[in-house]
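Report on one structure; see the data block that follows.
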Amino acid sequence: MDERIHEHAAVLVDWSARIEAGDDVVVSVGEGAHDLAVAVADALGERGANVVTTYASEEVQRAYLRAHDGDFELPGHELALYEAADSVLFLGGTRNTAATADVPTETRQAYGRATSEVKEARMDTDWVSTVHPTRAAAQQAGMSFEEYADFVYDAILRDWSELADEMANMKDVLDAGSEVRIVKADTDLTMSIEGRTAVNSAASVAYDSHNLPSGEVFTAPVEDAVEGEVFFDVPMTLEGQRVENVHLTFEGGEVVDFSAGAGEDALAGILDTDEGARRLGELGIGMNRGIDRFTDSILFDEKMGDTIHLAVGRAYGACLPEGEDGNQSAVHVDMITDMSEDSRIEVDGEVVQRNGTFRWEDGF
Numbered sequence: 001m002d003e004r005i006h007e008h009a010a011v012l013v014d015w016s017a018r019i020e021a022g023d024d025v026v027v028s029v030g031e032g033a034h035d036l037a038v039a040v041a042d043a044l045g046e047r048g049a050n051v052v053t054t055y056a057s058e059e060v061q062r063a064y065l066r067a068h069d070g071d072f073e074l075p076g077h078e079l080a081l082y083e084a085a086d087s088v089l090f091l092g093g094t095r096n097t098a099a100t101a102d103v104p105t106e107t108r109q110a111y112g113r114a115t116s117e118v119k120e121a122r123m124d125t126d127w128v129s130t131v132h133p134t135r136a137a138a139q140q141a142g143m144s145f146e147e148y149a150d151f152v153y154d155a156i157l158r159d160w161s162e163l164a165d166e167m168a169n170m171k172d173v174l175d176a177g178s179e180v181r182i183v184k185a186d187t188d189l190t191m192s193i194e195g196r197t198a199v200n201s202a203a204s205v206a207y208d209s210h211n212l213p214s215g216e217v218f219t220a221p222v223e224d225a226v227e228g229e230v231f232f233d234v235p236m237t238l239e240g241q242r243v244e245n246v247h248l249t250f251e252g253g254e255v256v257d258f259s260a261g262a263g264e265d266a267l268a269g270i271l272d273t274d275e276g277a278r279r280l281g282e283l284g285i286g287m288n289r290g291i292d293r294f295t296d297s298i299l300f301d302e303k304m305g306d307t308i309h310l311a312v313g314r315a316y317g318a319c320l321p322e323g324e325d326g327n328q329s330a331v332h333v334d335m336i337t338d339m340s341e342d343s344r345i346e347v348d349g350e351v352v353q354r355n356g357t358f359r360w361e362d363g364f
């Protein structure tokens, strides 16, 4: 086994999830993540954790959803599993990035609504999502497998403490701010972040961060205080379909008009999931310059330096004042725009990033 797989497992268990002896851990294993699962199980055994593994195959999920009549019920047994867990580790590793592309949108929406309580229970644990390099993911990224594996480990096996210190600058700006404005071609969007708390997403639950790799600072816009338009020029795959050149128009916090150069039906399906799917749940600022190219994987792409992303749907509780629920939805879908040229981010009227360079960096 590639020694980097064991290093990946150690970062996941120790830095990211902070697993301790006696913790009840669910490990969700993607169909192509077997080697990483073995390394993670070894690390968890060394730490004396209690482990249950589940199999997370998109092909299995496709078969179930296509065969079902669409009248889904809350799976209480799955809910009980996550309610009893301390941590959930998601080990992604697909063999087919478009495995669920032919599942009807209505079926996806119905399943998402029926299982929303299960998702909430998972999110209430110290969960962490990561990915094991597979040939399918390498192909989607337009890379050889060896090149893609190097890319993945370069993004994951890094000095996370040092990056956390750097990202703290952006967290401080957002925590002290009330209004964010994003300006670039076909984009002029203003949103309130009054009373919100930004998360320094340094790939550890100790930072309220749940992705490995990570490298972003994110917050939750006030759901009814988003105005203007935004253009997302970084392509993505939604529900197995390629989506490109998305344009959203907001009034009173809600998407009132939208278009896409490709995959508009998939975008419409997301936005029509429920009422909260047309409002923003997240503003994220990518700060991981170790991720320097698009790979069509949101886990990596949303962390790229010189980008921002906005998510329609559910807001994360870590960003919200005590007693506030924020935007609620069965979905949380990120869309990315490049901020490296002819662009700026303003907080309370002051430019904090220009053409991808932050105000505390050389060249600003």
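Residues in the sequence shown are numbered consecutively from 1, following full-length UniProt numbering. The beta-carbon is built from N, C-alpha and C at its ideal position, and this holds for glycine as well. All values derive from a computational prediction rather than experimental measurement.
In chain order, what residues of the same chain have a beta carbon less than 7 Å from the beta carbon of TYR111, not counting five sequence neighbours either side?
Position 111 of the sequence shown holds residue 111. Result list for TYR111: LEU65 and PHE72, in chain order.
According to DSSP, simplified to helix, strand and coil, what is residue 366?
Residue numbering for the chain in the displayed model covers 1 to 364; residue 366 lies beyond these limits and cannot be assessed.
State the CB to CB distance for the pair ALA311 and GLY281, rounded to an integer number of angstroms; the pair is presumed to be in contact (CB under 8 Å).
Taking the sequence shown and counting its residues from 1, one reaches residue 311 at position 311. Taking the sequence shown and counting its residues from 1, one reaches residue 281 at position 281. Indeed they touch by this definition, with Cβ atoms about 5 Å apart.
DSSP three-state call for ARG113: helix, strand or coil?
In the sequence shown, residue 113 corresponds to position 113, counting from 1. In the three-state DSSP reduction, ARG113 falls in the helix class (H, G or I).
Helix, strand or coil: how does DSSP classify THR53 here?
By one-based count along the sequence shown, residue 53 stands at place 53. Collapsing the DSSP output to three states places THR53 in a strand.
Verify whether the separation of the beta carbon atoms of PRO321 and GLY195 is less than 8 Å.
Residue 321 sits at position 321 when you count from the first residue of the sequence shown. Residue 195 sits at position 195 when you count from the first residue of the sequence shown. Closer than 8 Å, so yes.
Are the Cβ atoms of ARG314 and GLY284 separated by less than 8 Å?
Numbered from its first residue, the sequence shown carries residue 314 at position 314. Numbered from its first residue, the sequence shown carries residue 284 at position 284. Not in contact: ARG314 and GLY284 (Cβ atoms no closer than 8 Å).
Rounded Cβ spacing between LEU44 and VAL25 (contact assumed at less than 8 Å):
To locate residue 44, count along the sequence shown from 1; it is residue 44. To locate residue 25, count along the sequence shown from 1; it is residue 25. That pair is a contact at about 6 Å.
Fully enclosed by the region 76–126, which alpha helix (DSSP H) runs are 4 residues long or longer?
Fully enclosed alpha helix (DSSP H) runs of 4 or longer: 76–83, 105–114 and 116–123.
Does the separation of the CB atoms of GLY76 and VAL131 fall below 8 Å?
Residue numbering aside, residue 76 sits at position 76 when the sequence shown is read from its first letter. Residue numbering aside, residue 131 sits at position 131 when the sequence shown is read from its first letter. Taking 8 Å as the Cβ cut-off, GLY76 and VAL131 do not qualify as a contacting pair.
So, do the region 235–250 and the region 209–220 have three or more beta carbon pairs nearer to each other than 8 Å?
The way I'd put it, the region 235–250 doesn't touch the region 209–220; fewer than three beta-carbon pairs between them come closer than 8 Å.
Is ASN245 helix, strand or coil by DSSP?
On the sequence shown, position 245 is the one that residue 245 refers to. Strand at ASN245.
Is the Cβ-Cβ distance between SER87 and ALA17 less than 8 Å?
Within the sequence shown, numbered from 1, the residue matching residue 87 stands at position 87. Within the sequence shown, numbered from 1, the residue matching residue 17 stands at position 17. In this structure, SER87 lies near ALA17, with their beta-carbon atoms less than 8 Å apart.
Reference ALA121, options TYR82, GLU147, ASP102 and THR115, closest by Cα
In the sequence shown, residue 121 corresponds to position 121, counting from 1. The shortest C-alpha separation from ALA121 is found at TYR82.
What number of angstroms, rounded off, separates the C-alpha of CYS319 from the C-alpha of HIS332?
By one-based count along the sequence shown, residue 319 stands at place 319. By one-based count along the sequence shown, residue 332 stands at place 332. Rounded to the nearest angstrom, the two C-alpha atoms are 15 Å apart.
I'd like to know if the region 226–239 and the region 144–160 are in contact, where contact means that at least 3 CB-CB pairs between them fall below 8 Å.
No contact exists between the region 226–239 and the region 144–160.
Taking its Cβ as the centre, do 16 or more other Cβ atoms sit within 10 Å of VAL256, making it buried, or is it exposed?
On the sequence shown, position 256 is the one that residue 256 refers to. VAL256 sits exposed, since fewer than 16 C-beta atoms from the chains shown fall within 10 Å of its C-beta.
Among GLY323, THR273, ALA99 and GLY70, the one whose alpha carbon lies nearest that of ARG242
Position 242 of the sequence shown, counted from the first residue, corresponds to residue 242. Considering only alpha carbons, the answer is ALA99.
Those residues which DSSP pairs with GLN140 across a bridge
The residue given as residue 140 occupies position 140 in the sequence shown. In the DSSP output, where bridge partners are listed per residue, GLN140 has none listed.
For THR190, which residues in the same chain have their Cβ closer than 6 Å to its Cβ, ignoring the five residues on either side in sequence?
As a first step, residue 190 must be located in the sequence shown, where it is residue number 190. Close CB contacts of THR190 within its chain, under the 6 Å cut and outside five residues either way in sequence, are with ARG181, GLU227 and GLY228 (chain order).
Pick out whichever of GLU58, ALA80 and THR107 has its Cα sitting closest to the Cα of HIS68.
The sequence position of residue 68 within the sequence shown is 68, counting from 1. Checked all of GLU58, ALA80 and THR107; the closest Cα to HIS68 is THR107.
Could you pull the start and end residues of the alpha helix (DSSP H) that residue 372 belongs to?
The structure shown does not extend to residue 372, since the chain is modelled only from 1 to 364, so the question has no answer here.
Whole runs of the beta strand (DSSP E) within the region 223–307, excluding any shorter than 3 residues
Taking only runs of at least 3 residues, the beta strand (DSSP E) segments lying wholly in the region 223–307 are 226–232, 236–238, 241–251, 254–262 and 280–286.
Between which two residues does the alpha helix (DSSP H) harbouring ASP150 extend?
Position 150 of the sequence shown holds residue 150. Run containing ASP150: 145–156, per the alpha helix (DSSP H) assignment.
Assuming ASP42 and ILE5 make a contact with CB atoms under 8 Å, what is their CB distance in whole Å?
Locating residue 42 in the sequence shown gives position 42, counting from the first residue. Locating residue 5 in the sequence shown gives position 5, counting from the first residue. The pair is not a contact, with the Cβ atoms about 10 Å apart (cut-off 8 Å).
Skipping 5 residues on each side, what residues in its chain have a beta carbon closer than 6 Å to that of GLY326?
By 1-based counting over the sequence shown, the position of residue 326 is 326. Take GLY326, set aside five residues on each side of it, and the residues of its chain with a beta-carbon closer than 6 Å to its own are ALA220, ALA315 and LEU320, in chain order.
Collapsed DSSP secondary structure at LEU36 in the structure displayed:
As a first step, residue 36 must be located in the sequence shown, where it is residue number 36. Of the three classes helix, strand and coil, the one that applies to LEU36 here is helix, per DSSP.
Count the other CB atoms, across all protein chains shown, that sit within 10 Å of the CB of ARG278; report buried if there are 16 or more and exposed otherwise.
In the sequence shown, the residue the question calls residue 278 occupies position 278. Under this definition ARG278 is a buried residue.
Excluding sequence positions up to five away, which residues of its chain have a Cβ less than 6 Å from the Cβ of PRO133?
Counting from 1 along the sequence shown, the entry for residue 133 is found at position 133. So the list reads TYR148, ALA149 and VAL152, once near-sequence residues are dropped.
DSSP on HIS332, reduced to helix/strand/coil?
To locate residue 332, count along the sequence shown from 1; it is residue 332. Of the three classes helix, strand and coil, the one that applies to HIS332 here is strand, per DSSP.
Output the distance between the C-alpha atoms of GLY323 and GLN139, rounded to the nearest integer angstrom.
Indexing the sequence shown from 1 puts residue 323 at position 323. Indexing the sequence shown from 1 puts residue 139 at position 139. Near 45 Å, if we compare the C-alpha coordinates of GLN139 and GLY323.
Kindly indicate which residue of ALA136, ASP274 and PHE300 has the alpha-carbon position closest to the one of GLN328.
Counting from one through the sequence shown, the residue named residue 328 turns up at place 328. For GLN328, the nearest C-alpha among the options comes from ASP274.
What are the boundary residues of the beta strand (DSSP E) that includes ASP188?
In the sequence shown, residue 188 corresponds to position 188, counting from 1. It spans 187–192 - the beta strand (DSSP E) in which ASP188 sits, taken as one unbroken run.
Own chain partners of ARG62 with C-beta closer than 8 Å, once the 5 adjacent residues on each side are dropped:
Taking the first residue of the sequence shown as position 1, residue 62 is located at position 62. Around ARG62: ALA99, THR100, ASP102 and VAL103.
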